[in-house]
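S.K.: Residue numbers (this note's numbering), protein chains in the order written: chain A, 1 to 314; chain B, 315 to 789. Here a beta-carbon is modelled for each residue, glycine too, at the ideal position from N, C-alpha and C.
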């Protein structure tokens with residue numbers, strides 16, 4: 001397999017995951033706006049921050065955050081490299097580059113995703129159309145994932161696609177926690193107290209985890225349990241532990257396929273050990289913010305090492 | 315001037331006598347509900363769009379992806395007609411390969427006075443670097459597309475030879491695939507020769523031309539300029555169907571005297587490279603130094619016999635439009651036989667007498683650039699305005715050797731399906747030919763391009779032409 005193809009698969013699935021995550025965060029933000037009176041601009045600032053696009057936004061809008069401009073920036077602004085429109089473009093360009101590695105079903109699903117979203121995002125999305133457009137973004141990328149699972153051989157092609165997905169997802173979950181850690185912190189200190197209803201909803205909603213959390217931890221959300229759920233719970237498909245384990249096993253398949261281990265394998269093992277070896281109390285004692293910052297840094301270093309080990313670019 | 319009668323391939327010369335190859339199709343068509351067919355036509359377009367069978371249009375501010383319109387009425391050729399065409403095509407392709415070998419070796423044809431020496435020496439498509447080089451298996455043009463036009467029941471002419479990197483074969487395959495999906499009942503009634511094994515034959519044919527040093531299983535790859543190239547879809551389609559890697563220049567480098575591709579497990583040598591990059595961009599060390607699309611040093615590896623490049627560099631000398639006018643001589647010189655397929659009469663504007671004639675008759679002629687393609691930069695006299703003709707006259711006088719001229723043929727028509735039912739439109743045909751050291755394979759069918767505008771003779775997709783499925787019937 002060409003190094004370029006491995007890189008194309010990795011990025012194709014990172015971008016698909018990114019657009020889906022952005023849609024989810026906007027949905028969570030809209031929900032808050034419906035349930036809370038008064039200004040929610042602060043919330044949009046934190047969502048922009050979570051998707052790592054706040055800096056670019058501020059440069060264009062001089063730091064004035066409104067719901068309308070924030071949503072447009074994240075959905076369709078060409079000046080925002082991570083906007084859904086740009087991310088879908090990038091995903092499809094990468095898919096074109098790796099066309100020979102994809103089944104017809106996967107290619108058609110991503111091409112259809114691109115055609116539908118390009119259409120839906122051609123103009124500013126009207127308020128009343130937002131729920132539908134956000135649903136469309138999630139659905140269309142779910143189709144790509146479905147086609148991937150249903151039709152692709154479980155070989156190196158599949159592994160690079162999955163590694164890209166989980167790298168992006170881990171990054172996204174970590175950012176949500178990081179941006180919201182100030183919400184979680186005070187209540188961690190005040191043992192046993194419940195969180196502000198709206199705040200915990202936002203966090204769980206933005207990872208599609210409301211129902212799952214209830215099922216696993218009951219009705220009463222506590223900060224400690226939310227952290228446990230999103231960081232360490234290996235049942236939760238967007239938790240850091242889950243993503244790290246997946247990256248490890250996909251890298252592991254590559255190592256046995258190719259008969260060669262790389263530095264990225266050691267790095268990934270170290271991350272997984274760390275996440276699995278800690279209890280949630282330890283994480284919180286040492287500082288949630290520091291823990292997340294370290295995780296983000298290590299995750300990104302791992303991505304760069306994979307690039308080198310599998311010769312994406314040279 | 316009297317309007318020449320036009321031959322319709324479905325309905326004959328006067329347009330009122332149904333021809334035999336179309337009999338079954340016609341019965342089927344008459345029994346179909348037009349609104350169902352219209353729906354099918356739309357479905358076909360959705361299918362093409364979803365599959366991504368699009369091409370990029372050059373010369374537009376925003377690089378846009380467009381569909382080539384597809385018409386559901388097949389172009390049907392009888393087995394007998396095809397047998398004769400195949401013989402002519404095979405003869406011509408053999409001659410082209412023999413000509414290329416000769417031009418890059420002893421140049422007997424020039425010594426024999428059949429082609430003027432400057433025709434070669436001063437030709438941009440001639441590559442001096444290829445002198446004395448022996449391509450593996452003696453094959454120069456592994457893949458050839460011969461553009462044919464028809465003017466009557468038995469009159470076929472070669473309009474153009476495509477010996478560099480002929481494109482369009484993916485349309486031949488996808489058009490058939492689409493027809494099979496939409497109208498399976500048609501194929502149950504009519505025995506149409508299959509085209510679907512083209513990719514397998516291509517792979518076989520390329521592998522058969524691998525250098526001697528390659529093992530039993532030569533590594534084949536397709537070289538594309540990248541996703542922004544107008545024919546990228548076809549490049550990825552062919553690589554996919556052949557099950558080989560699709561590479562770009564930056565995936566390749568010369569290592570230990572071999573051309574190798576960067577894989578996730580290190581560099582792997584390539585034995586046969588089916589390149590869809592022009593000669594000039596193939597090797598920045600040997601040709602255009604600014605090329606980002608090629609592989610520095612690949613020509614040296616090639617000359618050392620350590621990789622096969624298909625088609626060979628320098629094959630453009632055989633499909634140049636000025637050389638075209640010598641093709642009947644070329645066929646005769648190398649095969650010892652009269653050419654089975656006729657050339658369209660051609661005036662070489664480099665010759666003073668011809669130039670004078672062309673200048674006097676611009677409004678009746680088609681004038682083409684010697685190196686042009688895609689329907690760009692040509693004059694179609696009968697449909698051009700006075701202003702356009704005068705503008706062209708100036709260009710022609712300034713660089714006569716850059717042009718050839720041909721009479722406007724009354725091209726045959728095949729009906730297309732329009733809102734008002736069937737309507738005749740002009741067509742051409744590009745059959746695809748594969749050359750191996752031991753055989754020549756011609757896929758029964760090819761790409762039929764059709765001018766969608768009434769009366770128009772321009773079939774190029776870049777100029778609003780469409781395509782049709784092309785059927786060759788089993789005898």
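Could you tell me the distance, in whole angstroms, from the CA atom of residue 96 of chain A to the CA atom of residue 660 of chain B?
M.R.: Locating residue 96 of chain A in the first chain gives position 96, counting from the first residue. Locating residue 660 of chain B in the second chain gives position 346, counting from the first residue. Rounded to the nearest angstrom, the two C-alpha atoms are 42 Å apart.
S.K.: May I ask you to check if the CB of residue 290 of chain A is nearer than 7 Å to at least one heavy atom of the ligand ZN?
M.R.: The ligand content of the structure shown is nil, which means the ligand ZN is not present either.
S.K.: Please report whether the beta-carbon of residue 575 of chain B lies at a distance below 8 Å from any beta-carbon of chain A.
M.R.: Numbered from 1 along the second chain, position 261 holds the residue referred to as residue 575 of chain B. Yes, contact with chain A.
S.K.: Going by alpha carbons, who is nearest to residue 243 of chain A out of A/213, A/296 and A/52?
M.R.: As a working mapping, residue 243 of chain A is identified with position 243 in the first chain. Cα-wise, what sits closest to residue 243 of chain A is A/296.
S.K.: Assign residue 699 of chain B to buried or exposed, taking buried as 16 or more other Cβ atoms, counted over all protein chains shown, within 10 Å of its Cβ.
M.R.: Taking the second chain and counting its residues from 1, one reaches residue 699 of chain B at position 385. So residue 699 of chain B ends up on the exposed side.
S.K.: Are the C-beta of residue 108 of chain A and some C-beta of chain B separated by less than 8 Å?
M.R.: Within the first chain, residue 108 of chain A is the residue found at index 108, counting from 1. Judged by the 8 Å Cβ criterion, residue 108 of chain A is in contact with chain B.
S.K.: According to the neighbour-count rule (16 or more other Cβ atoms, all chains shown, within 10 Å of its Cβ), is residue 565 of chain B buried or exposed?
M.R.: In the second chain, counting from the first residue as 1, residue 565 of chain B sits at position 251. So residue 565 of chain B counts as buried.
S.K.: Does DSSP put residue 647 of chain B in a helix, in a strand, or in coil?
M.R.: Residue 647 of chain B sits at position 333 when you count from the first residue of the second chain. Residue 647 of chain B: helix per DSSP, three-state reduction.
S.K.: Could you give the distance in angstroms between the alpha-carbon of residue 613 of chain B and the alpha-carbon of residue 439 of chain B?
M.R.: Walking along the second chain from the start, residue 613 of chain B turns up at place 299. Walking along the second chain from the start, residue 439 of chain B turns up at place 125. Roughly 16 Å between the two C-alpha positions.
S.K.: Taking the alpha-carbon positions, what's the residue 263 of chain A to residue 306 of chain A distance?
M.R.: Here the question's residue 263 of chain A lines up with position 263 in the first chain. Here the question's residue 306 of chain A lines up with position 306 in the first chain. Just so you know, the alpha carbons of residue 263 of chain A and residue 306 of chain A end up roughly 8 Å apart.
S.K.: Identify every run of the beta strand (DSSP E) within the region 608-646 of chain B, keeping only runs that are complete inside it and at least 3 residues long; order them along the chain.
M.R.: List check, beta strand (DSSP E) in window: 622-624.
S.K.: Comparing the C-beta of residue 366 of chain B with each C-beta of chain A, is any distance below 8 Å?
M.R.: In the second chain, counting from the first residue as 1, residue 366 of chain B sits at position 52. Yes - at least one Cβ of chain A is within 8 Å of the one on residue 366 of chain B.
S.K.: Does the Cβ of residue 717 of chain B have 16 or more other Cβ atoms within 10 Å, making it buried, or fewer, making it exposed?
M.R.: Residue numbering aside, residue 717 of chain B sits at position 403 when the second chain is read from its first letter. With 16 or more Cβ atoms within 10 Å of its Cβ, residue 717 of chain B is classed as buried.
S.K.: Which one of B/568, B/638 and B/346 has the shortest CA to CA distance from residue 609 of chain B?
M.R.: The residue labelled residue 609 of chain B in the question sits at position 295 within the second chain. When only C-alpha atoms are compared, the closest one is B/568.
S.K.: Out of B/654, B/481 and B/528, which one is the CA nearest neighbour of residue 469 of chain B?
M.R.: Position 155 of the second chain holds residue 469 of chain B. For residue 469 of chain B, the nearest C-alpha among the options comes from B/654.
S.K.: Just checking my contact of residue 538 of chain B with residue 584 of chain B at CB under 8 Å: how many whole Å lie between their CB atoms?
M.R.: Here residue 538 of chain B is taken as the residue at index 224 of the second chain, counted from 1. Here residue 584 of chain B is taken as the residue at index 270 of the second chain, counted from 1. The pair is not a contact, with the Cβ atoms about 14 Å apart (cut-off 8 Å).
S.K.: From residue 766 of chain B to residue 343 of chain B, what distance separates their C-alpha atoms?
M.R.: To locate residue 766 of chain B, count along the second chain from 1; it is residue 452. To locate residue 343 of chain B, count along the second chain from 1; it is residue 29. Roughly 20 Å between the two C-alpha positions.
S.K.: Would you identify the three-state DSSP class for residue 729 of chain B, choosing helix, strand or coil?
M.R.: Position 415 of the second chain, counted from the start, is the residue given in the question as residue 729 of chain B. Strand at residue 729 of chain B.
S.K.: Taking only beta-carbon atoms, is residue 156 of chain A less than 8 Å away from chain B?
M.R.: Looking up residue 156 of chain A in the first chain gives position 156. With 8 Å as the cut-off, residue 156 of chain A counts as an interface residue toward chain B.
S.K.: Classify residue 779 of chain B as helix, strand or coil using the three-state DSSP reduction.
M.R.: Locating residue 779 of chain B in the second chain gives position 465, where the first residue counts as 1. Residue 779 of chain B: strand per DSSP, three-state reduction.
S.K.: Classify residue 312 of chain A as helix, strand or coil using the three-state DSSP reduction.
M.R.: In the first chain, counting from the first residue as 1, residue 312 of chain A sits at position 312. If DSSP states are grouped into helix, strand and coil, residue 312 of chain A belongs with coil.
S.K.: Assign residue 169 of chain A to buried or exposed, taking buried as 16 or more other Cβ atoms, counted over all protein chains shown, within 10 Å of its Cβ.
M.R.: Against the first chain, residue 169 of chain A aligns to sequence position 169. That one is buried.
S.K.: In this structure, what does DSSP give as the bridge partners for residue 582 of chain B?
M.R.: Residue numbering aside, residue 582 of chain B sits at position 268 when the second chain is read from its first letter. The partner list for residue 582 of chain B (beta bridge, DSSP) reads B/575.
S.K.: I'd like the ranges of any beta strand (DSSP E) spanning at least 3 consecutive residues and lying wholly in the region 477-520 of chain B.
M.R.: Counting whole runs of 3 or more residues, the region 477-520 of chain B contains no beta strand (DSSP E) stretch at all.
S.K.: Indicate the three-state DSSP secondary structure (helix, strand or coil) for residue 330 of chain B in the structure shown.
M.R.: Indexing the second chain from 1 puts residue 330 of chain B at position 16. Residue 330 of chain B falls in the coil class under three-state DSSP.
S.K.: Do residue 793 of chain B and residue 731 of chain B have their CB atoms nearer than 8 Å?
M.R.: Look at the range of chain B in this structure, 315 to 789, and you will see that residue 793 of chain B is not part of it.
S.K.: What does the alpha-carbon distance come out to for the pair residue 107 of chain A and residue 135 of chain A?
M.R.: Here residue 107 of chain A refers to the residue found at position 107 when the first chain is read from its first residue. Here residue 135 of chain A refers to the residue found at position 135 when the first chain is read from its first residue. Rounded to whole angstroms, residue 107 of chain A to residue 135 of chain A spans 21 Å at the Cα level.
S.K.: To the nearest angstrom, how far is the alpha carbon of residue 293 of chain A from that of residue 490 of chain B?
M.R.: To locate residue 293 of chain A, count along the first chain from 1; it is residue 293. To locate residue 490 of chain B, count along the second chain from 1; it is residue 176. Their backbone Cα atoms lie some 56 Å apart in a straight line.
S.K.: Sort out for me which residues DSSP pairs residue 459 of chain B with in a bridge.
M.R.: Mapped onto the second chain, residue 459 of chain B falls at position 145. B/476 and B/746.
S.K.: Which runs of the alpha helix (DSSP H), 4 residues or longer, sit entirely within the region 121-201 of chain A?
M.R.: For the region 121-201 of chain A, whole alpha helix (DSSP H) runs of length 4 or above, ordered along the chain, are 130-151 and 156-189.
S.K.: What did DSSP end up calling residue 45 of chain A once you bin it into helix, strand or coil?
M.R.: In the first chain, counting from the first residue as 1, residue 45 of chain A sits at position 45. Residue 45 of chain A falls in the helix class under three-state DSSP.
S.K.: Need the endpoints of the alpha helix (DSSP H) that residue 99 of chain A sits in, please.
M.R.: As a position in the first chain, residue 99 of chain A is number 99, starting the count at 1. It is not in any alpha helix (DSSP H) - residue 99 of chain A carries neither H nor E in the DSSP assignment.
S.K.: Figure out for me which residue from A/314, A/251, A/256 and A/231 has the closest Cα to the Cα of residue 284 of chain A.
M.R.: Position 284 of the first chain holds residue 284 of chain A. Comparing Cα-Cα distances from residue 284 of chain A to each of A/314, A/251, A/256 and A/231, the minimum goes to A/231.
S.K.: Tell me whether residue 62 of chain A is buried or exposed, calling it buried when 16 or more other Cβ atoms sit within 10 Å of its Cβ.
M.R.: Taking the first residue of the first chain as 1, we reach residue 62 of chain A at position 62. By the neighbour-count criterion, in which a residue is buried when 16 or more other Cβ atoms sit within 10 angstroms of its Cβ, residue 62 of chain A is exposed.
S.K.: What residues in its chain sit with their C-beta under 7 Å from that of residue 646 of chain B, if we drop five residues either side in the sequence?
M.R.: Translated into the one-based positions of the second chain, residue 646 of chain B becomes position 332. 652 and 653.
S.K.: Between which two residues does the alpha helix (DSSP H) holding residue 450 of chain B run?
M.R.: If you number the second chain from 1, residue 450 of chain B lands on position 136. Here residue 450 of chain B belongs to no alpha helix (DSSP H), and DSSP marks it neither H nor E.
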